[in-house]
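Colleague:
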Amino acid sequence: MARYYLHIVNGGGYSEDPEGQELTDLEAARTAAIEGVRSILSEEARQGQLDLAGSIEIADADGNILLSVPFSEAVELRLDRKGA
Amino acid sequence: MIERHLLKLRARDTVSPEEEHAIRDAIGEVRFLPADHVAVHAGRIVDYSIMLLEGIMCRYKDLSDGQRQITELHIAGDFVDLHSFTLKRLDHSIITMTPCQVAIVPHANLERITERLPHLTRLYWFMTNMDAAIHREWEVSLGRRSAASRISALLCELKLRSEVVGMTDGMTYSLELTQTDLAECVGLTPIHVNRTLKELREKGLVQFRSGRVTINDWDGLVRVAEFDPAYLYLEKWRT
Numbered sequence: 001m002a003r004y005y006l007h008i009v010n011g012g013g014y015s016e017d018p019e020g021q022e023l024t025d026l027e028a029a030r031t032a033a034i035e036g037v038r039s040i041l042s043e044e045a046r047q048g049q050l051d052l053a054g055s056i057e058i059a060d061a062d063g064n065i066l067l068s069v070p071f072s073e074a075v076e077l078r079l080d081r082k083g084a
Numbered sequence: 085m086i087e088r089h090l091l092k093l094r095a096r097d098t099v100s101p102e103e104e105h106a107i108r109d110a111i112g113e114v115r116f117l118p119a120d121h122v123a124v125h126a127g128r129i130v131d132y133s134i135m136l137l138e139g140i141m142c143r144y145k146d147l148s149d150g151q152r153q154i155t156e157l158h159i160a161g162d163f164v165d166l167h168s169f170t171l172k173r174l175d176h177s178i179i180t181m182t183p184c185q186v187a188i189v190p191h192a193n194l195e196r197i198t199e200r201l202p203h204l205t206r207l208y209w210f211m212t213n214m215d216a217a218i219h220r221e222w223e224v225s226l227g228r229r230s231a232a233s234r235i236s237a238l239l240c241e242l243k244l245r246s247e248v249v250g251m252t253d254g255m256t257y258s259l260e261l262t263q264t265d266l267a268e269c270v271g272l273t274p275i276h277v278n279r280t281l282k283e284l285r286e287k288g289l290v291q292f293r294s295g296r297v298t299i300n301d302w303d304g305l306v307r308v309a310e311f312d313p314a315y316l317y318l319e320k321w322r323t
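Chains as they are written, first to last, in our numbering: chain C, 1 to 84; chain P, 85 to 323.
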């Protein structure tokens with residue numbers, strides 16, 4: 001287990017994660033980031049405006065950015081129906 | 085030791101010296117529990133209820149994929165599972181969220197209260213009804229409120245509940261929870277809670293940092309939450 005800090009960068013600015021979360025590894029942190037983004041986007045969808053330009057920066061306890069997860073990786077967008 | 089519990093009761097009704105004595109007498113023992121200790125496991129038969137003296141506990145249910153929904157938070161003074169007196173086995177579990185001091189109240193002692201003290205019995209019946217009212221309010225949050233409104237409603241509720249038991253300092257109160265804990269109360273993810281708290285902070289409404297809540301604009305927070313304290317039954321006119 002290690003502590004990962006999941007900072008948010010999106011249209012609302014930069015939201016620092018002051019507490020972090022105890023997670024098994026970086027993959028688990030990525031999963032937590034994806035779930036977090038989906039939660040934010042579901043709220044935005046309810047309000048009719050989706051901001052997919054943001055990202056989650058996953059940092060370790062020393063503040064090193066280990067991975068940046070773009071919001072767009074959290075959802076698969078289908079804008080037309082190919083071959084229908 | 086049961087002062088906060090008495091404050092909670094007396095905010096809603098009178099408690100006679102005889103009744104106060106009976107409550108003190110009903111306590112079997114006092115225990116100290118570490119944080120993250122499951123005090124009641126769903127499905128197991130219990131023969132005592134827990135009165136919380138210090139710390140924070142919660143009622144919760146887990147899903148198979150590891151997601152947890154907290155269904156009510158309990159603070160000092162709460163009779164956390166008074167309902168187990170009639171239910172005997174709970175359909176949910178109860179866990180400590182911080183180190184806690186609890187009083188164990190054997191059901192046999194509660195039974196004696198119901199046989200001897202009808203007014204106190206009605207008051208405890210009222211208290212379990214009030215827990216149901218809190219559940220209804222959380223249901224409205226989880227089903228209909230926005231993220232900002234859910235968190236605001238929870239922070240308003242805990243402000244008033246803390247105030248009743250003498251644990252606020254003006255518009256500030258202690259809430260030794262993490263953003264992950266809050267997320268499990270309001271059905272969001274820790275990231276979403278973090279984002280929403282930032283939004284509430286930047287609007288000058290409320291700050292939640294290092295286990296403390298500071299409300300900067302009560303009226304504004306109440307508006308965002310559509311918070312109506314009627315469900316906390318703070319009026320004192322019962323008998």
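Even glycine gets a Cβ: it sits at the ideal position worked out from N, Cα and C.
(1) Let me check one thing: in DSSP terms, what residues is Pro-70 of chain C bridge-paired to?
(2) Using a Cβ cut-off of 8 angstroms, pull out every chain C residue sitting near Thr-262 of chain P, in sequence order please.
(3) If contact means a Cβ-Cβ distance below 9 angstroms, which residues of the stretch 51–75 of chain C contact chain P?
(4) Determine the DSSP secondary structure at Leu-238 of chain P, reduced to helix, strand or coil.
(5) Considering only DSSP beta bridges, list what Lys-145 of chain P is partnered with.
(6) Looking at C-beta atoms only, is the number of pairs between the stretch 171–189 of chain P and the stretch 126–141 of chain P that lie closer than 8 angstroms three or more?
(7) Does the Cβ of Trp-222 of chain P have 16 or more other Cβ atoms within 10 Å, making it buried, or fewer, making it exposed?
(8) Between Thr-155 of chain P and His-176 of chain P, how many whole angstroms is the CB-CB distance? I'm expecting something under 8 angstroms.
(9) With distance defined between alpha-carbon atoms, name the residue in P:Gly-271, P:Ala-192, P:Met-181 and P:Ile-179 nearest to Ser-352 of chain P.
(10) Flag this pair as yes or no: are the beta carbons of Gly-304 of chain P and Leu-284 of chain P separated by less than 7 angstroms?
(11) From Leu-66 of chain C to Ser-55 of chain C, what does the alpha carbon distance come to, in whole angstroms?
(12) Alpha carbons only, please: which of P:Lys-320, P:Glu-319 and P:Pro-274 is nearest the one belonging to Ser-39 of chain C?
(13) What is the rounded straight-line gap between the Cα of Leu-204 of chain P and the Cα of His-7 of chain C?
(14) Using only alpha-carbon positions, find the residue among P:Val-308, P:Arg-152, P:His-89 and P:Gln-185 that is nearest to Thr-324 of chain P.
(15) Here's the rule I'm using: 16 or more other beta-carbon atoms within 10 Å means buried, otherwise exposed. How should Gly-250 of chain P be labelled?
(16) Under a Cβ-count criterion, where at least 16 other Cβ atoms within 10 Å of its own Cβ denotes burial, should Tyr-14 of chain C be classed as buried or exposed?
(17) Against chain C, which members of the stretch 276–289 of chain P pass a CB distance test of less than 7 angstroms?
(18) Quick one: what's got a C-beta closer than 6 angstroms to His-158 of chain P's C-beta in the same chain, skipping five residues either side?
(19) Considering only the beta carbon of each residue, do Ala-237 of chain P and Pro-183 of chain P sit closer than 7 angstroms?
(20) Is Ala-237 of chain P close to chain C? Criterion is C-beta to C-beta, closer than 7 angstroms.
(21) Can you give me, in chain order, the residues of the stretch 244–274 of chain P that have a beta carbon less than 7 angstroms from any beta carbon in chain C?
(22) Please classify Glu-27 of chain C: is it buried, with 16 or more other beta-carbons within 10 angstroms of its beta-carbon, or exposed?
(23) Within a Cβ cutoff of 7 angstroms, which residues of the same chain sit near Asp-85 of chain C, ignoring the five residues on either side of it in sequence?
(24) Quick check for students: name the residue ranges of the alpha helix (DSSP H) that lie wholly in the stretch 287–316 of chain P, counting only runs of 4 or more.
(25) Buried or exposed: Gln-49 of chain C, going by 16 or more other Cβ atoms within 10 Å of its Cβ?
(26) Is Tyr-317 of chain P closer than 7 angstroms to Met-214 of chain P when the C-beta atoms are compared?
(27) So Thr-256 of chain P and Val-297 of chain P are supposed to be a Cβ contact under 8 angstroms. How far apart are they, rounded?
(28) Can you tell me whether Met-211 of chain P is buried or exposed, with buried defined as 16 or more other CB within 10 angstroms of its CB?
(29) Whose C-alpha, out of P:Trp-321, P:Gln-153, P:Trp-302 and P:Ile-188, is nearest the C-alpha of Arg-115 of chain P?
(30) Sorted by chain position, which residues of the same chain lie with C-beta nearer than 6 angstroms to Arg-88 of chain P's C-beta, five sequence neighbours on each side aside?
(31) Where DSSP assigns a beta bridge to Val-114 of chain P, which residues make up the other side?
(32) So if DSSP puts Gly-13 of chain C in a beta bridge, which residue, or which two residues, is it bridged to?
(33) Name the residue from P:His-219, P:Ile-179 and P:Cys-240 whose alpha carbon lies nearest to the alpha carbon of Leu-117 of chain P.
(34) Given that Gly-48 of chain C touches chain P, what residues does it touch there, using C-beta distances under 9 angstroms?
Modeller: Let me spell this out:
(1) According to DSSP, Pro-70 of chain C bridges with C:Ser-55.
(2) Glu-19
(3) Shown in chain order are the members of the stretch 51–75 of chain C whose Cβ falls below 9 angstroms from a Cβ of chain P: Ile-56.
(4) helix
(5) Under DSSP, the beta-bridge partners assigned to Lys-145 of chain P are P:Gln-153.
(6) With a cut-off of 8 angstroms, the stretch 126–141 of chain P and the stretch 171–189 of chain P count as touching, because enough Cβ pairs lie within range.
(7) buried
(8) That belief holds up - the Cβ atoms of Thr-155 of chain P and His-176 of chain P are roughly 6 angstroms apart, short of 8 angstroms.
(9) Lying outside 85 to 323, the shown extent of chain P, residue 352 of chain P is not represented and no answer is given.
(10) no
(11) 13 angstroms
(12) Residue P:Pro-274 is the option with its Cα nearest to Ser-39 of chain C.
(13) Roughly 50 angstroms between the two C-alpha positions.
(14) With chain P running from 85 to 323 in the structure shown, residue 324 of chain P is simply not present.
(15) exposed
(16) exposed
(17) Hits within the stretch, in order: His-276, Asn-278, Arg-279, Lys-282 and Glu-283.
(18) Shown here for His-158 of chain P: same chain residues with a beta carbon closer than 6 angstroms to its own, the five before and five after excluded, namely Leu-136, Met-141 and Val-164 in chain order.
(19) no
(20) no
(21) Those would be Thr-262, Gln-263, Thr-264, Leu-272, Thr-273 and Pro-274, in chain order.
(22) exposed
(23) This structure cannot settle anything about residue 85 of chain C, because the visible part of chain C is limited to 1 through 84.
(24) As far as the stretch 287–316 of chain P is concerned, its whole alpha helix (DSSP H) runs of at least 4 residues are 302–309.
(25) exposed
(26) yes
(27) 7 angstroms
(28) buried
(29) P:Ile-188
(30) Ala-160, Gly-161 and Val-249
(31) Answer by DSSP bridge pairing, in chain order: P:Ala-187.
(32) C:Asn-10
(33) P:Ile-179
(34) Here the premise fails: no neighbours, minimum Cβ distance about 13 angstroms.
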